[in-house]
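With the working numbering applied, the sequence shown closes on residue 262, and no number is skipped along the way.
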Amino acid sequence: MSRITRAFEKRGKPAFIGFTVGGDPDKDTCIRIAKALIDGGTDILELGVPFSDPVADGPEIQRADDRALAAGTTPSVIFEIVKEIRRFSGVPVVLLTYYNIVYRRGIERFYKEARDAGVDGILIADMPVEESDEACDAAGRYGIDPIFLITRTTSDERIKKIAAKSRGYLYLVSVLGVTGVRDSIETGAIDLLGRARKYTSLPLALGFGISTPDHAKVCANAGADGVIVGSAIVAIVGRNLGRPELMERELKEYVARMKQVL
């Protein structure tokens, strides 16, 4: 059983999955951010691998990508960050990345280095399930959960196909569009939960547009096994650059507030 599976089973109620961009604003501060999120109660940590063309991400996360890249963040630095996180936490770590990064480094090498660093899952945002055999095979060899996105426009036929390839959890995209804070949870997100549930017993985690305890409560009441928050966390990082102590305090308090309703 993977660390991700155990994290969902141990909770017995919806998990809080926190996202931050690896290397934002720099390696050392990113490690402090990860610790603050975990200390606040994050059940699974998602770490974005910064990329110059992050097509799934909105402005907040794009700015974080730019900061991380300007600080010299590479996949090697990401693996160093995960190794540092492993010194103080056993919380599952999932990398969110794009296929160019994995392909350029070499699929076998990327997954091996991820395993050696302590990564538990990898989500390649722009990898179609139909072209995922090589990556999924590598994930299997190195004991890493392959995680996929399902959107509201994904057909039931493809949901079934994606669910069959996935491990750990399914990432359900709650909005039509890129990441970013929204005012409310759209009914289409709730419908997607029901559609996906027909094809898998894997945990279903809703992400994109979730930022407040009210949002988290709506998702939990609708049957989500987890909520994923990225832009709201990255916004806290962005407005506290150069003030790491204040940043850490705000992050811990934010996660604790979200956890109270789950």
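Where a beta carbon is used, it is the ideal one built from N, C-alpha and C, also for glycine.
1) Report yes if the C-beta distance between Tyr169 and Asp126 is below 8 Å; otherwise report no.
2) Please report the residue range of the alpha helix (DSSP H) in which Phe8 lies.
3) From the DSSP output, in three-state form, read off Thr151 for me.
4) Using beta-carbon positions only, say whether Tyr171 and Ile85 come within less than 8 Å of one another.
5) Tell me the DSSP secondary structure of Val55 in three-state form.
6) Would you kindly report the start and end of the unbroken beta strand (DSSP E) that includes Leu172?
7) For the stretch 41 to 48 against the stretch 5 to 19, are there 3 or more C-beta pairs whose distance is under 8 Å?
8) Could you name the residues of the same chain whose beta carbon sits closer than 6 Å to that of Val234, not counting the 5 residues immediately before and after it, in chain order?
9) Just mark Asn221 as buried or exposed, buried being the case when its beta carbon has 16 or more other beta carbons within 10 Å.
10) Put Thr20 into one of helix, strand or coil per three-state DSSP.
11) I need the straight-line Cα distance from Glu113 to Gly143, nearest angstrom please.
12) Which runs of the alpha helix (DSSP H), 4 residues or longer, sit entirely within the stretch 175 to 245?
13) Taking Cβ to Cβ, would you say Ala117 is nearer than 8 Å to Lys161?
14) State the start and end residues of the unbroken beta strand (DSSP E) segment that holds Glu131.
15) Are there 16 or more other CB atoms within 10 angstroms of the CB of Thr187, so buried, or fewer, so exposed?
16) I'd like the list of long-range same chain contacts for Tyr199, defined as Cβ closer than 7 Å, with 5 residues on each side in sequence excluded.
17) With a Cβ-Cβ cutoff of 8 Å, do Ala56 and Gly23 count as a contact?
18) Give the DSSP-derived three-state secondary structure of Val49 in the structure shown.
19) Just the Cα atoms here: how many angstroms apart are Gly242 and Ala189?
20) Using the beta-carbon count (16 or more within 10 Å), is Phe8 buried or exposed?
21) Quick one: what's got a C-beta closer than 8 Å to Asn240's C-beta in the same chain, skipping five residues either side?
Taking the geometry as given:
1) no
2) Arg3 to Arg11
3) coil
4) no
5) coil
6) Leu170 to Val173
7) yes
8) Glu60, Ile61 and Ala64
9) exposed
10) strand
11) 12 Å
12) 187 to 197, 213 to 221 and 231 to 239
13) no
14) Per DSSP, Glu131 belongs to no beta strand (DSSP E) and is neither H nor E.
15) exposed
16) Ile159, Lys160 and Ala163
17) no
18) coil
19) 36 Å
20) buried
21) Leu246, Met247 and Glu250
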